[in-house]
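Enquirer: Attaching a single structure in structure tokens format; questions to follow.
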Amino acid sequence: MDVRYEAYCFADPLFYDAPTRGNSAETVFEDSLPSLPVGWWRAERDVWTVCRPHGHRLPEQGWKIHVSATIDNAERVLRQVWDYCTVGRIAFKFLRGPRVLLARNAKYAPREASGKLVTIYPPDEAGLERVLRELSARLVGEQGPYVLSDLRYGPGPLYVRWGAFVDMWTNDDAGQQVPAVRTPEGNLVPDERKPYFRVPPWVRVPEFLEPHVAARGKGDPDAFPYRVESALHFSNGGGVYVAAPRAGGERVVLKEARPHAGLDRDGTDAVTRLQRERRVLQRLAGVPGVPVLHDFFTAWEHHFLVQQHLPGTTLGKWLGREYPLTGPEDACSPQVLADYTDRALRVVDEVERLLHAMHGRGLAFGDLHPNNILIDEDDRVALVDFELAFELDEPRRPALGAPGFAAPADRAGVAVDEYALAALRLWLFLPVNLVAALEPGKLARFVDVVQERFPVPPDYREKVLRELTPAADAPHPLTGLPGPVAGATPFDEPEPDWSAVRAAIVEGILRSATPHRGDRLFPGDIAQFVNGGTTFAHGAAGVLHAFHVTGAGRFPEHEQWLLDTLDTEPPRRPGFFDGAHGVAHVLDELGHRDVARALVEAYAPSVTRMRDHTLSGGLSGIGLNLLHLGERWDDPACVRQAVEVGDRLADRLVGAPPEPGPNGKAGLAHGWSGPALLFLRLYERTGDDGWIDAADRAMEWDLRECVERSDGSWQVRDGSQRTLPYLEVGSAGVALALAELTAVAPHAPSAQRLDGVLRACRGEYVAQPGLFLGRAGLVAALVSAGHCRGDAADAALVRRHLRQLGWWALPHPARSAPAETAAETRATGLAFPGNQLLRLSMDVATGNAGVLLAIAHAVDGTAPLPFLSAGSLPATRRRLPDQPAPTLVGPPESNQ
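First residue of the sequence shown? That's 1 in UniProt numbering, and the numbers climb one at a time after it.
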């Protein structure tokens, strides 16, 4: 689970949304403050309320002050700062309200941004010293989370950091737009924001701050009783480490908790939870499978729990290694499935034994999920992380919990653990718990799949459905109303009508549109809140492209939203999937050529400084678009720029490839498969065989990131435990580019590996539905490879993948359903959950639009993404090397 996604689930039950997005009923700090004095100006900026005296001009950059506070003392601290700054006419800003403060200090909030309630902008260093001295006297005794990015001033809640005061932007080495500061020479460089204090090399720490710098380093690392060997986990609440006692002895696990940080939804901090875990471990002493508590101490204001280091790995990693359905169906013999079934059932029995032992001592675990279960080489299990455990007769319920395993609100005591145990029974055989959490109506079908593929005992079905089926009057996760979402989906038919499926997917997208919002038009992945809501992969441009090329139609009001938003929120990056070039590509295909050309020209200076080679945000995606637009516009300058980009990338391939790192990046979006695709298109344009050689070298570089699995498939490494078959990073993306190379150069050395990487696309189980990191991408790779090789894709395999997209196809309810509808809510379309499966998504990379493109590719032969081959190869892509290079200029409605 990517912990970043949890913060984007607070604001909306259907879609990922900015964790700080408010509503009209939200409590705000300003309600308890007096009015600003005459001569002051205020404005809302994102999550901040900005206050500045009239006529006051902030310097570009300098030393700023951050004031920290807890939920309990925030109003009191803010009132002190308000009074001080308004009297002294000092510019400041503060977080909008308690909900925002809670979100920014939550367990999985970004560590470098947490702790800050107020930011104060002193005019100069003399003002900095005066404000710190005078305000610290006002805030004696006040507490708050430590601001990790800053230098602490004294023992109170004041911190300082040198950085930008006003919005300045530059591009980093990858070409991404990032906050900037200005060097003494006048150059803009990234304003790096890390979870530790640092200053740029040209900045001198003021003399009056030097004692505070010295105090920061007073802690003697050698006095710490343990030597940390590795970090297992970080969160805003602290870290988990493997360590060894300095005095000698066996390895231990250190759990760290930061005061007032790592809050759960009830405002409980990491220290309180760690103290609770200490008490629970004391109660459970002697229970086999529960770590022994060794120590509990405080150092540098942080709290540490020391416990036994148990052997094994998490059950989540174990499943990634052992689960049989991730491989091709022909690799799953009845004996393999029977052996796995026996092991999985023994694991469940062992977990149940541990839970019964806890219950016998009057405690519920409260947080059972695969990453809190360890399993060793002999399949013995243990439980870890007891911070959410509670007394069986306690009315309190855990405020945190793992999605798909956390019990509904109507469960208490032992029933909380029994629900999670039933969820584990399902997960070990079909890890679709998150989908069932969004649509409980799919539970029965998921259990059917388990019984069809695994020899589970006769009582399996009853054990799972009895605990996981919600009560009849329970609110539905997607609607908040009692009762199910009614209406069958087209996937429920014995043979789906793909026209009906596509129409329902389009309806789901249109129903979810938010044209009244300026930040996004269609809900999608959390990346749209980083890259903006206009982009190809995660924003409006990609959805409008999918509508257009699949025949769903043109929607002028949505196109106008895109045009209008470019004026107020221009793309933050130049790349194709994540920035300006992807937007320009779509605007051009929709007939807005002048705006497209202006975008390309505006971001041209950024391209000259880029080194990022990728299709996602780097040079290969930009080069492909320049070549495409140059041909459409009959613009030799664009084509020449594309060739120059290709030359720059080809030069990077000279010499030996770099040694593979710990995690492979091979694939269409982030690997060298993207540059290979550019080289192939340049070959088509020029007829120069050198581009074929460059494409072959690029593919060899990506293939170095692949390993052969026991089922004969080649997949991209993801650390030491996992391999990936996907399009964005994984075998499907490698296969897409390798198939294109095979079409024009079938005897290229790398082309001989195509069957191996395609075999990775045959897995029965896929975790997600999306195009970039899910089953839809496997469909795209299999169909494209068949087209490029001139043979048919395995029709039965593609049909199975398409049918199994129905696992994630959820009835998309209308938001306007009346409150009195208690029995059922009528579905109005289809929706697919996005990355991590916690919320629905409509974008190309992770949601409906990408699934729509994959289905159209399989059914109609339209290209799954720009720059890839469509349903049949043009003759120009099968020509001999000595044939003259054609000029590929398509009709205005074509983007291929």
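Glycine residues also receive a C-beta, built at the ideal position from the N, C-alpha and C atoms.
Give the single residue among Thr314, Asp378, Glu394 and Pro660 whose Cα lies nearest to the Cα of aspartate 385.
Expert: As a working mapping, residue 385 is identified with position 385 in the sequence shown. Nearest C-alpha to aspartate 385: Thr314.
Enquirer: What separation, rounded to the nearest whole angstrom, lies between the Cα atoms of arginine 453 and valine 280?
Expert: Numbered from 1 along the sequence shown, position 453 holds the residue referred to as residue 453. Numbered from 1 along the sequence shown, position 280 holds the residue referred to as residue 280. Their backbone Cα atoms lie some 40 Å apart in a straight line.
Enquirer: Quick check: the Cα distance between leucine 668 and cysteine 638, rounded to an integer number of angstroms?
Expert: Mapped onto the sequence shown, residue 668 falls at position 668. Mapped onto the sequence shown, residue 638 falls at position 638. Between leucine 668 and cysteine 638, the C-alpha separation is close to 23 Å.
Enquirer: Quick check: the stretch 46-55 against the stretch 4-17, are there 3 or more CB pairs under 8 Å?
Expert: With a cut-off of 8 Å, the stretch 4-17 and the stretch 46-55 do not count as touching, because too few Cβ pairs lie within range.
Enquirer: Would you tell me roughly how many angstroms separate the C-alpha atoms of alanine 415 and glutamate 391, rounded to the nearest one?
Expert: On the sequence shown, position 415 is the one that residue 415 refers to. On the sequence shown, position 391 is the one that residue 391 refers to. One C-alpha to the other measures close to 13 Å.
Enquirer: Taking residue 913 as part of the beta strand (DSSP E), name the residues at either end of that continuous run.
Expert: Past the boundaries of the shown model lies residue 913; the chain is included only from 1 to 896, so the question cannot be answered.
Enquirer: For the candidate residues Pro145, Gly88 and Tyr8, whose alpha-carbon lies nearest to that of alanine 74?
Expert: In the sequence shown, the residue the question calls residue 74 occupies position 74. Ranking the options by Cα distance to alanine 74, first place goes to Pro145.
Enquirer: Looking at the unbroken beta strand (DSSP E) that takes in tyrosine 603, where does it start and where does it end?
Expert: As a position in the sequence shown, residue 603 is number 603, starting the count at 1. Neither: tyrosine 603 is in no beta strand (DSSP E) and is coded neither H nor E.
Enquirer: Checking 8 Å against the spacing of the C-beta atoms, do threonine 550 and threonine 862 come in under that value?
Expert: Taking the first residue of the sequence shown as 1, we reach residue 550 at position 550. Taking the first residue of the sequence shown as 1, we reach residue 862 at position 862. Their beta carbons are under 8 Å apart, which means threonine 550 touches threonine 862 by this criterion.
Enquirer: Mind checking which residues open and close the beta strand (DSSP E) that includes histidine 801?
Expert: Translated into positions along the sequence shown, residue 801 becomes position 801. Segment 795-804 is the alpha helix (DSSP H) holding histidine 801; no beta strand (DSSP E) there.
Enquirer: Starting from the C-beta of aspartate 711, find all residues in its chain whose C-beta is less than 7 Å away, skip the five residues before and the five after it, and write them out in chain order.
Expert: In the sequence shown, residue 711 corresponds to position 711, counting from 1. Within the same chain, aspartate 711 has close Cβ partners Gly327, Pro328 and Ala331.
Enquirer: Is the Cβ-Cβ distance between leucine 521 and histidine 581 less than 8 Å?
Expert: Indexing the sequence shown from 1 puts residue 521 at position 521. Indexing the sequence shown from 1 puts residue 581 at position 581. Not in contact: leucine 521 and histidine 581 (Cβ atoms no closer than 8 Å).
Enquirer: In the DSSP assignment, the beta strand (DSSP E) including lysine 665 goes from what residue to what residue?
Expert: Here residue 665 corresponds to residue number 665 of the sequence shown, with the count starting at 1. No beta strand (DSSP E) contains lysine 665, which DSSP labels as neither H nor E.
Enquirer: If you run the structure through DSSP and keep just helix, strand and coil, what is threonine 489?
Expert: Counted from its first residue, the sequence shown places residue 489 at position 489. In this structure, threonine 489 counts as coil in the three-state DSSP scheme.
Enquirer: Looking at glycine 655 and glutamate 621, is the spacing between their C-beta atoms short of 8 Å?
Expert: Taking the sequence shown and counting its residues from 1, one reaches residue 621 at position 621. Taking the sequence shown and counting its residues from 1, one reaches residue 655 at position 655. Inspection of the sequence shows that residue 621 is occupied by glycine rather than by glutamate. No, Cβ-Cβ distance for glycine 621 and glycine 655 is not below 8 Å.
Enquirer: Got a sec? Which residues, its chain only, sit under 8 Å from valine 729 by beta carbon, not counting five neighbours each side?
Expert: Taking the first residue of the sequence shown as 1, we reach residue 729 at position 729. Contacts found: Gly664, Lys665, Ala666, Gly667, Ala669, His670, Gly671, Val716, Asp718 and Leu773.
Enquirer: Output needed for glutamate 229: all residues of its chain with C-beta closer than 7 Å, excluding positions within five of it in sequence on either side, in chain order.
Expert: On the sequence shown, residue 229 is found 229 positions in, with the first residue counted as 1. Closer than 7 Å at the Cβ level, and outside the excluded window around glutamate 229, lie Val242, Ala243 and Ala244.
Enquirer: State the DSSP-derived secondary structure class of leucine 36, mapped to helix, strand or coil.
Expert: For the purposes of this step, residue 36 is taken as the residue at position 36 of the sequence shown. If DSSP states are grouped into helix, strand and coil, leucine 36 belongs with coil.
Enquirer: Can you tell me the Cα-Cα spacing of leucine 626 and glycine 441, whole angstroms?
Expert: In the sequence shown, the residue the question calls residue 626 occupies position 626. In the sequence shown, the residue the question calls residue 441 occupies position 441. If you take the alpha carbons of leucine 626 and glycine 441, they lie about 47 Å apart.
Enquirer: Leaving out the 5 sequence neighbours to the left and right, which residues in its chain are closer than 8 Å to threonine 183 when beta-carbon positions are compared?
Expert: Position 183 of the sequence shown, counted from the start, is the residue given in the question as residue 183. So the qualifying residues of the chain are Val189, Pro200 and Trp202.
Enquirer: Along the chain, where does the alpha helix (DSSP H) containing isoleucine 509 start, and where does it finish?
Expert: For the purposes of this step, residue 509 is identified with residue 509 of the sequence shown, where counting begins at 1. Here the alpha helix (DSSP H) through isoleucine 509 covers 498-512.
Enquirer: Look up proline 245 in the DSSP assignment and give the residues it is bridged to.
Expert: Counting from 1 along the sequence shown, the entry for residue 245 is found at position 245. Proline 245 pairs with Tyr226.
Enquirer: From the DSSP output, read off the bridge partner residues of glutamate 44.
Expert: The residue given as residue 44 occupies position 44 in the sequence shown. DSSP, once it has assigned bridges, lists Thr49 as partnering glutamate 44.
Enquirer: Would you list the one or two residues that DSSP bridges to glycine 533?
Expert: On the sequence shown, residue 533 is found 533 positions in, with the first residue counted as 1. Per DSSP, Arg520.
Enquirer: Across the stretch 566-574 and the stretch 514-531, are there enough close Cβ pairs to call them in contact, namely three or more that are closer than 8 Å?
Expert: Touching, yes.
Enquirer: Can you tell me which of the three DSSP states alanine 91 falls into?
Expert: Stepping through the sequence shown from its first residue, residue 91 is reached at position 91. In this structure, alanine 91 counts as coil in the three-state DSSP scheme.
Enquirer: Return the residue from the list Ala781, Arg800, Arg753 and Ala735 that minimises the CA-CA distance to glutamate 764.
Expert: What you label residue 764 is simply residue 764 of the sequence shown in a count that begins at 1. Residue Arg800 is the option with its Cα nearest to glutamate 764.
Enquirer: So, using beta-carbon positions, are tryptophan 498 and valine 253 closer together than 8 Å?
Expert: The sequence position of residue 498 within the sequence shown is 498, counting from 1. The sequence position of residue 253 within the sequence shown is 253, counting from 1. Their beta carbons are not under 8 Å apart, which means tryptophan 498 does not touch valine 253 by this criterion.
Enquirer: Could you compute how far the alpha carbon of proline 803 sits from the alpha carbon of leucine 629?
Expert: The residue given as residue 803 occupies position 803 in the sequence shown. The residue given as residue 629 occupies position 629 in the sequence shown. According to the sequence displayed, residue 803 carries arginine and not proline. Their Cα atoms are separated by approximately 37 Å.
Enquirer: Taking the C-alpha atoms as reference points, what is the distance between phenylalanine 296 and histidine 302?
Expert: In the sequence shown, counting from the first residue as 1, residue 296 sits at position 296. In the sequence shown, counting from the first residue as 1, residue 302 sits at position 302. When rounded, the distance between both Cα atoms is 11 Å.
Enquirer: When the Cα atoms are used, what is the spatial distance from aspartate 269 to proline 475?
Expert: On the sequence shown, residue 269 is found 269 positions in, with the first residue counted as 1. On the sequence shown, residue 475 is found 475 positions in, with the first residue counted as 1. If I take the Cα positions, the gap works out to 29 Å.
Enquirer: What are the boundary residues of the beta strand (DSSP E) that cysteine 761 is part of?
Expert: By 1-based counting over the sequence shown, the position of residue 761 is 761. Counting along the chain, cysteine 761 falls outside any beta strand (DSSP E), and DSSP gives it neither H nor E.
Enquirer: Could you check what DSSP says for lysine 107 in three-state terms: helix, strand or coil?
Expert: As a position in the sequence shown, residue 107 is number 107, starting the count at 1. Of the three classes helix, strand and coil, the one that applies to lysine 107 here is coil, per DSSP.
Enquirer: Under 8 Å, with one C-beta from each stretch per pair, do the stretch 342-358 and the stretch 393-411 reach the 3-pair mark?
Expert: Judged by Cβ distances under 8 Å, the stretch 342-358 makes no contact with the stretch 393-411, as fewer than three pairs qualify.
Enquirer: When the Cα atoms are used, what is the spatial distance from histidine 359 to valine 287?
Expert: Locating residue 359 in the sequence shown gives position 359, where the first residue counts as 1. Locating residue 287 in the sequence shown gives position 287, where the first residue counts as 1. The straight-line gap from Cα to Cα measures roughly 12 Å.
Enquirer: If distances are taken between C-alpha atoms only, which option among Val643, Ala180 and Asp755 comes closest to glycine 687?
Expert: As a working note, residue 687 is residue 687 in the sequence shown. Closest option to glycine 687, Cα to Cα, is Val643.
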